[in-house]
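Number of protein chains: 2
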Amino acid sequence: MSFKLISKSPRRGILTVRNRSVETPFFMPVATKATGKSITSDDYNKAGVKAIICNSLHLSMLPGSEVIRDNGGLHNFMNYNGVIFTDSGGFQASSKFFKEKVSKGLVFNNPYNTGTVRLTPEKAMKIQHDIGSDVAMVLDDMAPYGASYEESKKAMEKTHEWALQSLEAHKKLEEENPTGQLLFGIIQGNFYEDLRKESAKFITNLPFDGFAIGGLAIGETQEEMLKAIEWVKEYLPEDKPRYVMGVGKPEDISFLVKHGIDCFDSIYPTKNARHGTMLTKEGSLGIMKGKYKYDQNPVEEGCECHTCKNFSRAYIHHLTKVKDPSGFRMRSIHNIYYLINNVKK
Amino acid sequence: MSFKLISKSPRRGILTVRNRSVETPFFMPVATKATGKSITSDDYNKAGVKAIICNSLHLSMLPGSEVIRDNGGLHNFMNYNGVIFTDSGGFQASSKFFKEKVSKGLVFNNPYNTGTVRLTPEKAMKIQHDIGSDVAMVLDDMAPYGASYEESKKAMEKTHEWALQSLEAHKKLEEENPTGQLLFGIIQGNFYEDLRKESAKFITNLPFDGFAIGGLAIGETQEEMLKAIEWVKEYLPEDKPRYVMGVGKPEDISFLVKHGIDCFDSIYPTKNARHGTMLTKEGSLGIMKGKYKYDQNPVEEGCECHTCKNFSRAYIHHLTKVKDPSGFRMRSIHNIYYLINNVKK
């Protein structure tokens, strides 16, 4: 891999992994189940999406990581040749199918059958290695927003323990079968300064290929988010990519880019698309509003996305009213296009 | 308009209306609400779809025919420049939102609000003229499969009365505002030989631009369908397009093409796509079956559709299992492509 810093201020670079490149800063749309909810790889390519993130825990349950492996890996399976990150499943501890935390990992109820899935650092590494993503994430333990100091400290310590185990397991897998897959560490510590600093110090001292700041965009104010970034900033090596997980609000991204963050992911564009909220330079536009019924302008004047180049507000309004899946797709295409381009500004 | 017969046996022609052309025989995918259920005009263009059919009754309720008119007509609204047929709503007398038949027309419960919609021949013509389709269909009265001779006769007589009224109303609309829109008559008569013949004689004596045979593919056997076609065949002028409404099964189409039918429409490809049934030369393929989990072949070997050129059976199987809307879209794209090409064979 190489992460090449082209400019320090503003911070601009290129992340190259396994012959795939993406300019930083960049935003990754979420394709949890190897599909972007109505969006497929051809849509990503057309929109100029150079990196996406899938969820390895979900994919290990359906279709199964060995199925993806035997179909030639995730890129071949989805027919997508951009950079693919996979999340480990740590974040799913806040999902409705989380069962319990045990000392060695996390246990989930499999939503596709009656079984349970036990996720250890080793297992999370094996799944991601089998799936064949470009960038794997360690298994981490995230304390929820509002967690006590004690709870946050415990989760941070567990995150550190699992980071070491993830690193070792990943090293072994790459020794057995070298693929060039990268592994990013995750800093936790909730919203406590000494924990964030301790976590940043610990994680950035380990030989990860990049560093993520986890446990943000979970309900805190932008001010709190900034503080958490400020606390850890000095520990982040300049020559490694910096990833803030789960952030998708345009204003948060702009703000974090200014603070030297390189990489983002969020369901923000598709979640908004689902509810008919279109992202534009002028702010959000509720396409369901009656006033768009006769509006022959594109969702956003001058936008080069597939939706705006082909369809009017009136038509997108109509597709939304009749609840056709094509409406969800067209709204998502615009929102994704908006975000991946907005991050570069 | 021109309908140009290029060959009599096999019967091949070109239907041109308002500078838009489609070679006959052709199959029209159904875009009831000005969208093909996950499919938009760019998908139609890519698949080579030269004609589609929308439903003017639905569109009159949402978004309203005046909305489509004021957005520059249906082609502009959908951004589709192929031939657009509109059905009148006569067939919706068999839908769950049909309320009652009155002597002057049909009454429907508006599924989008608490009101009712009264559809007369005049109203059906006005809606379709406002919407701006290329080919309008008369309002007809269709007796269901299994209807008695008396019921079928009554419906046929009502169909004839409404055909005259539709014709007159359409003539007036075109005189006031000439658009070049065509109007097709519809033959009814259920499965009674003398009624079918009487209806064919009556309808084909009127100056319609084309002739549809309605009330087929409503539950009868292929043999019964053939009989109904055979009975009316001699009345159908050679130089006008012949349209069998609602037929989409590949074997029915092949069979009717051999009997000189030029034009078809049906929800068959998308209905099958919804259930994971893929149409192929070898018959239907249930993509949900476990055996496709590892199958890296396209849905149909050699198929040039967007789905087959981009994705494997294994991936379409996965999209179907996770119930992602992209799966429905990809399955629909293949089935539509299959049918529009199959009809030409």
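In the order they appear, the protein sequences are chains A and B. Position one of the first sequence corresponds to residue 1 (the numbering used here), numbered consecutively onward. Position one of the second sequence corresponds to residue 1001 (the numbering used here), numbered consecutively onward. Just so it is clear, CB atoms sit at the ideal spot from N, CA and C, and this is done for glycine as well.
In the structure shown, the three-state DSSP call for A1163(B) is helix. Taking the Cα positions, T1114(B) is about 20 Å away from G1105(B). Distance from the Cα of A1228(B) is smallest, within the candidate group E1193(B), P1010(B) and L1206(B), for E1193(B).
Not a single C-beta of chain B is nearer than 8 Å to the C-beta of M288(A). Listed along the chain, the chain B residues whose CB falls inside 8 Å of the CB of N71(A) are Y1294, Q1296, S1312, A1314 and Y1315.
Think of a sphere of 9 Å around the beta carbon of N79(A): the chain B residues whose beta carbon falls inside it are N1310, F1311, S1312 and Y1315, in chain order. The CB of A1136(B) never comes closer than 9 Å to any CB in chain A; the least such distance is about 21 Å.
Here L216(A) carries a coil assignment [DSSP, helix/strand/coil]. Proximity of F91(A) to chain B, defined by a Cβ-Cβ separation below 8 Å, is not satisfied. Judged by pairs of C-beta atoms under 8 Å, the stretch 1234-1241 of chain B touches the stretch 1204-1212 of chain B, as three or more such pairs exist. Within 10 angstroms of the beta-carbon of G1283(B) lie fewer than 16 other beta-carbons, which makes it exposed.
Bounds of the beta strand (DSSP E) holding I52(A) are A51 to N55. The C-alpha of V67(A) lies about 15 Å from the C-alpha of F1311(B).
Residue pairing by DSSP puts T116(A) in a beta bridge opposite N109(A).
According to DSSP, P10(A) shares a beta bridge with no other residue.
At least one CB atom of chain A sits nearer than 8 Å to the CB of T1035(B).
Straight across, the Cα-Cα distance linking A217(A) with N81(A) is about 29 Å. About 11 Å separates the Cβ atoms of P10(A) and I261(A), ruling out a contact at the 8 Å cut-off. Nearest Cα to T120(A) within the set L164(A), F77(A) and R313(A): L164(A). Looking at the DSSP output, C263(A) bridges to F26(A) and Y243(A). Collapsing the DSSP output to three states places E1224(B) in a helix. The residue among S38(A), L5(A), G89(A) and A34(A) with its C-alpha nearest the C-alpha of V22(A) is L5(A). Looking from the CA of F255(A), the closest CA among D265(A), Q222(A) and F98(A) belongs to Q222(A). Contact note: D1324(B) reaches chain A through K33, T35, K37 and S38, using a C-beta cutoff of 8 Å and chain order. F1191(B) carries a coil assignment under DSSP once its states are collapsed to helix, strand and coil.
With respect to the C-alpha of T1320(B), the residue from N109(A), R20(A) and S38(A) having the closest C-alpha is S38(A). A distance below 8 Å separates the beta carbons of W231(A) and K197(A).
Note: E100(A) is bridge-paired with V107(A) in the DSSP secondary-structure output.
The Cβ atoms of L339(A) and G248(A) sit closer than 8 Å to each other. Distance from the CA of G73(A) to the CA of G1290(B), rounded to the nearest whole angstrom, comes to 19 Å. Measuring C-alpha to C-alpha distances from V244(A) to each of G219(A), T270(A) and G215(A) identifies G215(A) as the nearest.
For the set G90(A), I52(A) and F97(A), the Cα lying nearest the Cα of H75(A) is the one of I52(A). Within chain A, the residues placing a beta-carbon under 8 Å from that of D1042(B) are H306 and N310, ordered along the chain.
Interface residue (Cβ-Cβ distance to chain A less than 8 Å): V1067(B) is classified as such. Per DSSP, G1286(B) lies in no alpha helix (DSSP H) segment; the continuous beta strand (DSSP E) that holds it begins and ends at G1283 to G1286. One finds nothing in chain B with a Cβ atom closer than 8 Å to the Cβ of F208(A); even the nearest lies about 31 Å away.
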